[in-house]
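Numbering (full-length UniProt numbering), first residue to last: 1 to 396. Every residue gets a Cβ at the ideal spot worked out from N, C-alpha and C, and that includes glycine. This report refers to the structure that appears directly beneath it.
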Amino acid sequence: MGVSHSMDKDQVLTQFEATTSSIKGIESKMSKVGQYMETVQVQRKDVTNYAEVTTSLIDGLGESIADQSKAMYDYFSSSFEHFAGLVEILETSLYNLKLQDAPRQMQMEFGPLLMPAVVLVCIITGSNCYFGFLLASDDFLADALGEGISHSAGNTTANSEAVLGEMNILVLFAITHVVLIGLAAIYILVDLLRRCLKARRSRKRRRRSSLTGATVADSDSDEPDLAESEAMQMDGSNDGPVSPRTNTERSLSATASFRSQRPKDQSPTPVSQLLRRLQHAATSRSFSSQPEARLKKMLGLVSRSVSRSKPTQEWLGSCCIKEDDVAVRAAAASSSTALHTLRKGKQVEVVQAIRGGKGKVWGRIARPSGWVLLADTGSGYLAVVKDRYGGASADS
Numbered sequence: 001m002g003v004s005h006s007m008d009k010d011q012v013l014t015q016f017e018a019t020t021s022s023i024k025g026i027e028s029k030m031s032k033v034g035q036y037m038e039t040v041q042v043q044r045k046d047v048t049n050y051a052e053v054t055t056s057l058i059d060g061l062g063e064s065i066a067d068q069s070k071a072m073y074d075y076f077s078s079s080f081e082h083f084a085g086l087v088e089i090l091e092t093s094l095y096n097l098k099l100q101d102a103p104r105q106m107q108m109e110f111g112p113l114l115m116p117a118v119v120l121v122c123i124i125t126g127s128n129c130y131f132g133f134l135l136a137s138d139d140f141l142a143d144a145l146g147e148g149i150s151h152s153a154g155n156t157t158a159n160s161e162a163v164l165g166e167m168n169i170l171v172l173f174a175i176t177h178v179v180l181i182g183l184a185a186i187y188i189l190v191d192l193l194r195r196c197l198k199a200r201r202s203r204k205r206r207r208r209s210s211l212t213g214a215t216v217a218d219s220d221s222d223e224p225d226l227a228e229s230e231a232m233q234m235d236g237s238n239d240g241p242v243s244p245r246t247n248t249e250r251s252l253s254a255t256a257s258f259r260s261q262r263p264k265d266q267s268p269t270p271v272s273q274l275l276r277r278l279q280h281a282a283t284s285r286s287f288s289s290q291p292e293a294r295l296k297k298m299l300g301l302v303s304r305s306v307s308r309s310k311p312t313q314e315w316l317g318s319c320c321i322k323e324d325d326v327a328v329r330a331a332a333a334s335s336s337t338a339l340h341t342l343r344k345g346k347q348v349e350v351v352q353a354i355r356g357g358k359g360k361v362w363g364r365i366a367r368p369s370g371w372v373l374l375a376d377t378g379s380g381y382l383a384v385v386k387d388r389y390g391g392a393s394a395d396s
């Protein structure tokens with residue numbers, strides 16, 4: 001049994017015209033899509049240029065901040081050194097004045113005048129006491145003083161006048177004066193006795209320690225031995241009292257012996273030495289290098305040697321890919337489109353090298369054309385190595 005099929009000519013023409021119009025519509029839409037893609041490519045290039053300009057501006061700002069920080073650090077370091085020098089000069093001047101010896105020198109100078117001053121004070125005090133009792137023996141002066149006191153107090157009665165007449169106020173004043181002077185003299189004598197006993201005990205302790213070998217004097221010193229001089233003073237103290245002149249000379253000899261026994265490298269300027277130690281601690285590598293590197297890493301800055309010498313000198317020329325799957329991008333940015341992928345061992349020619357943000361070094365290669373991330377100083381990433389021999393590597 002056969003199958004017959006018949007087509008209407010008008011229907012076929014209608015469907016053909018509809019198909020042709022649909023194809024034309026698709027072609028017009030595809031042309032619009034092509035125009036849109038061209039516009040997108042132009043905008044993408046503009047954005048890439050803007051990104052490069054922004055990267056260069058940020059790069060310059062980072063370098064400026066690093067330079068200013070270095071200048072400020074150098075300025076404060078030099079100022080600190082200058083201040084330490086001034087303090088050292090001041091300390092040396094004060095040490096050369098020997099102000100620590102001023103009390104002993106004053107004691108030596110005014111020591112001979114002490115005894116005449118004591119004698120003079122005793123004469124004046126005795127004369128004052130005698131003159132007070134001499135005035136108190138004058139009845140006319142005592143009566144006049146009593147009348148003056150009674151008139152000033154307003155007591156005019158006969159009983160008050162009789163009491164004041166019997167009591168001699170000048171005698172009471174003279175007795176009180178003598179008693180106060182006697183108390184002051186007793187206090188001075190007790191204090192001198194206490195000081196003498198204390199000095200004798202200290203000499204005994206020093207003599208005992210020198211005999212047991214606790215105190216060893218310097219044999220090379222030009223000054224006499226301190227322990228022997230004290231022992232001689234102790235021996236002489238049994239015969240008679242020790243004069244202030246002898247005590248002063250012994251103190252001065254002890255001071256000279258201490259200075260002669262001091263090491264030669266001991267400087268009389270401790271404050272300036274402390275300042276120089278602080279400066280050395282601030283500028284030494286063990287104290288300042290690591291925090292400075294951490295601070296630069298936090299701020300996204302790199303040192304000047306990495307930012308200038310490497311991109312302009314070391315990266316240009318023939319290089320060899322060190323890592324696998326190194327992306328060749330359309331711009332020097334991690335967000336740009338990856339055009340190609342280079343494998344390990346690929347030989348490339350770097351024609352331009354710039355430093356990007358956060359310590360990244362980008363290089364523009366000739367074949368294939370594009371940008372490659374050469375190194376990242378922040379993470380230690382290294383994509384290529386310099387081909388020093390200029391030999392070709394195996395291409396993939």
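Beta-carbon proximity of residue i to residue j, cut-off 7 Å
i, j, result
"residue 316", "residue 326", "no"
"residue 26", "residue 357", "no"
"residue 174", "residue 132", "yes"
"residue 344", "residue 321", "yes"
"residue 378", "residue 363", "no"
"residue 135", "residue 170", "yes"
"residue 383", "residue 48", "no"
"residue 178", "residue 129", "yes"
"residue 276", "residue 102", "no"
"residue 51", "residue 375", "no"
"residue 125", "residue 181", "yes"
"residue 339", "residue 380", "no"
Continuous alpha helix (DSSP H) stretch holding residue i: start and end
i, result
"residue 13", "9-97"
"residue 111", "Taken as a continuous stretch (DSSP letters only), residue 111 belongs to no alpha helix (DSSP H), as it is neither H nor E."
"residue 137", "Where residue 137 is concerned, there is no enclosing alpha helix (DSSP H), given that its DSSP letter is neither H nor E."
"residue 370", "Residue 370 -> not in any alpha helix (DSSP H); beta strand (DSSP E) instead, spanning 370-376."
"residue 184", "169-211"
Cβ-Cβ separation, residue j to residue i (assumed contact under 8 Å), whole Å
i, j, result
"residue 271", "residue 87", "5 Å"
"residue 328", "residue 372", "6 Å"
"residue 168", "residue 142", "5 Å"
"residue 350", "residue 319", "5 Å"
Span of the beta strand (DSSP E) around residue i
i, result
"residue 360", "360-365"
"residue 317", "317-321"
"residue 341", "338-342"
"residue 383", "Counting along the chain, residue 383 falls outside any beta strand (DSSP E), and DSSP gives it neither H nor E."
"residue 100", "Run containing residue 100: none; DSSP gives neither H nor E here."
"residue 353", "347-355"
"residue 327", "326-329"
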